[in-house]
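What follows is a set of notes on a single structure, which appears directly below.
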Amino acid sequence: MQTETITQSFVHPDTEGYYGNFGGAYIPEMLYRNVSELREQYLNIIHGADFRKEMESLLRDYVGRPTPLFLSERLGKELNTQLYLKREDLCHTGAHKINNTVGQILLARRLGKTRIIAETGAGQHGVATATVCALKGMECIVYMGEKDIQRQAPNVARMKMLGAKVIPAMSGSRTLKDATNEAIRDWINHPNDTHYIIGSVVGPHPYPDMVARFQSVISEEIRMQLLDKTGSELPTHVVACVGGGSNAAGAFYHFLDEPTVKIVAVEAAGHGIHSGMSAATTQLGKPGILHGSMSLVMQTADGQVTEPHSISAGLDYPGVGPIHANLYKSGRGQFESATDAEALEWAFHVSKTEGIIPALETAHAFAVLPRLGLKPTDRVVVCLSGRGDKDLGTYMQELDRFEK
33 MQTETITQSF VHPDTEGYYG NFGGAYIPEM LYRNVSELRE QYLNIIHGAD FRKEMESLLR
93 DYVGRPTPLF LSERLGKELN TQLYLKREDL CHTGAHKINN TVGQILLARR LGKTRIIAET
153 GAGQHGVATA TVCALKGMEC IVYMGEKDIQ RQAPNVARMK MLGAKVIPAM SGSRTLKDAT
213 NEAIRDWINH PNDTHYIIGS VVGPHPYPDM VARFQSVISE EIRMQLLDKT GSELPTHVVA
273 CVGGGSNAAG AFYHFLDEPT VKIVAVEAAG HGIHSGMSAA TTQLGKPGIL HGSMSLVMQT
333 ADGQVTEPHS ISAGLDYPGV GPIHANLYKS GRGQFESATD AEALEWAFHV SKTEGIIPAL
393 ETAHAFAVLP RLGLKPTDRV VVCLSGRGDK DLGTYMQELD RFEK
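Going by our numbering, 329 is the number at position 297 of the sequence shown; the sequence numbering is gapless.
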């Protein structure tokens with residue numbers, strides 16, 4: 033479909049890895065060779081015919097793509113709109129994370145790496161990394177915050193069953209930020225044989241671009257599926273939760289340069305944006321460097337990173353990917369937030385209304401739908417980024433309150 037084009041492209045960074053003023057590569061000298069190797073080779077590798085053939089085969093036969101685009105009739109009627117759910121929860125391992133790890137394990141093998149490290153918050157990226165390492169017979173080490181290990185115990189068990197070594201991060205808030213710190217330290221100490229599979233659109237260039245490309249299969253499928261269902265490739269709104277922002281980057285990717293499509297990103301407000309216990313980075317952050325790139329970061333006046341909070345381990349991060357920081361600052365993206373209480377309420381509501389138990393991360397995206405002023409003619413797509421199995425421990429604590 034032909035549409036009016038936007039002068040600035042929001043999809044790809046410049047040659048130095050910047051989306052507007054955000055991105056780049058701020059790395060210690062010992063990692064320069066690794067990051068330079070990736071920058072010089074990743075595009076040629078991932079566009080190679082043999083890579084594409086293997087990647088497409090695994091996404092189809094192993095991951096289970098394409099994932100369905102489901103018309104949510106009951107919730108849509110309640111919201112007085114046409115509501116579609118992109119069912120990333122039906123991917124192998126239960127979330128969108130596997131799209132990226134399949135791509136990165138194939139890349140790592142072509143770079144001659146034999147050892148894989150990763151960080152994880154909610155555990156879904158750790159599980160997806162352990163899964164592809166088992167598939168390809170590679171050593172796997174996953175760093176995870178001690179707090180997240182406790183609240184995401186089922187995923188920890190899955191990683192160990194898949195053969196991964198799970199190492200707790202004991203510093204700071206003992207969550208995703210600290211797990212990322214530990215993974216970077218490991219990479220510095222093992223620069224020759226190790227590939228770091230970053231789980232989100234964060235980190236030094238080329239990681240944000242690379243992860244976004246691997247996740248872009250989500251929006252690629254949405255366009256084709258909407259065309260088949262509605263006669264138009266374009267939704268009016270695409271809604272996704274954002275921590276670092278990989279599921280959102282994937283869901284937004286093929287719509288960013290379509291001016292008629294509203295991009296809605298939903299962050300975790302925790303106990304309230306200004307409560308001191310929040311992870312609403314775009315509302316609270318300012319430009320700063322975190323984990324190798326310039327982005328918006330929650331920090332004190334003297335530049336110390338502040339501790340985030342979210343009931344959702346996957347959104348419990350004090351930064352945001354540079355692609356999203358640019359969407360926020362440019363005004364191309366509409367950034368909303370939902371509290372812990374709102375996310376819990378909508379997790380139970382979606383479960384009882386559509387028979388789908390969403391991950392707590394995705395529940396944040398559902399929570400803002402009533403605020404968007406949706407119309408019956410709108411075509412709204414929510415990226416249902418993961419299933420709620422991993423959050424059953426949290427949900428079980430709330431059953432009495434929400435049980436009817």
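Backbone N, C-alpha and C define an ideal beta-carbon position, used for all residues, glycine too.
Cα-Cα separation between residue i and residue j, rounded to whole angstroms
i	j	result
Thr377	Ser248	According to the sequence provided, residue 377 is Glu. The question's Thr does not apply to it. Going by the C-alpha atoms only, they are around 30 Å apart.
Arg217	His227	13 Å
Gly304	Thr212	25 Å
Met191	Gln315	34 Å
Gln463	Pro100	Because the chain here runs from 33 to 436, residue 463 falls outside it and cannot be looked at.
Gly49	Glu374	36 Å
Leu194	Phe284	31 Å
Tyr51	Phe42	7 Å
Arg119	Phe102	7 Å
Gln257	Phe287	14 Å
Pro223	Thr409	53 Å
Pro236	Phe434	42 Å
Gln336	Tyr349	14 Å
Ile77	Phe83	7 Å
Val67	Ile230	12 Å
Asn358	Pro60	25 Å
Val382	Tyr427	13 Å
Leu392	Leu91	25 Å
Environment of residue i [buried if 16+ CB atoms lie within 10 Å]
i	result
Ser307	exposed
Leu115	buried
Arg206	buried
Arg65	exposed
Pro291	exposed
Pro440	Since the displayed the chain opens at 33 and closes at 436, residue 440 lies outside it and no answer follows.
Met202	exposed
Lys109	exposed
Gly317	buried
His157	buried
Asp46	exposed
Leu424	exposed
Thr394	buried
Asn112	exposed
Leu259	exposed
Glu105	exposed
Arg403	exposed
Ser327	buried
Asn187	buried
Asp210	buried
Val243	buried
Ser444	Since the first residue of the chain shown is 33 and the last is 436, residue 444 is not available in this structure.
Lys145	buried
His356	buried
Spatial neighbours of residue i in its chain, beta-carbon cut-off 6 Å, leaving aside the 5 residues before and after
i	result
Pro200	Glu178 and Ile181
Asn279	His128, Ala272, Cys415 and Ser417
Lys384	none
Pro238	Leu70, Arg71 and Tyr74
Ile38	In this prediction, Ile38 scores a pLDDT of 40, lower than 50, which makes its location untrustworthy; the coordinate-derived value is nonetheless stated afterwards. So the qualifying residues of the chain are Asp289 and Pro291.
Ile173	Ile149 and Lys197
Glu214	Tyr175 and Ala201
Leu117	Phe102, Ser104, Val414 and Leu416
Ala281	Val233, Ala244, Gln247 and Ile355
Residue(s) in a DSSP beta bridge with residue i
i	result
Gly302	Thr371
Glu151	Tyr175
Val412	Leu115 and His269
Pro60	Beta-bridge pairing links Pro60 to no other residue.
Phe102	Leu117
Gln331	Val337
Gly351	Val329
Ala297	Ala272 and Phe367
Leu322	Ser325
Arg255	Per DSSP, none; premise fails for Arg255.
Tyr51	Phe54
Residues near residue i by beta carbon distance below 7 Å, same chain, minus five either side
i	result
Leu431	none
Met87	Val134, Gly135 and Leu138
Lys168	Ile137 and Arg141
Glu252	His286
Gln429	none
His396	Cys273, Val298, Ala300, Ser344, Leu347, Ala370 and Ala375
Asp421	Gly126 and Pro186
Met62	Ile220 and Pro223
Contact set for residue i: own chain, Cβ-Cβ below 8 Å, skip 5 residues either direction
i	result
Gly302	Met309, Ser310, Ala311, Ala312, Pro340, His341, Ser342, Ile343, Thr371 and Asp372
Gly96	Leu122, Cys123 and His124
Thr35	Its pLDDT being 38, under 50, Thr35 is placed unreliably in this model, and the value from its coordinates should be taken loosely. Correct list, in chain order: Leu266, Glu290, Pro291 and Thr292.
Gln331	Gly317, Lys318, Gly320, Val337, Thr338 and Pro350
Arg183	Ala345, Gly425 and Thr426
Any non-hydrogen atom of the ligand COA closer than 7 Å to residue i Cβ
i	result
Cys415	Of the ligands one can find in the structure shown there are none, so the ligand COA has no counterpart to examine.
Please specify which runs of the beta strand (DSSP E), each continuous and at least 3 residues long, are wholly inside the region 177 to 226, giving them in chain order. Runs of the beta strand (DSSP E) inside the region 177 to 226: 197 to 201.
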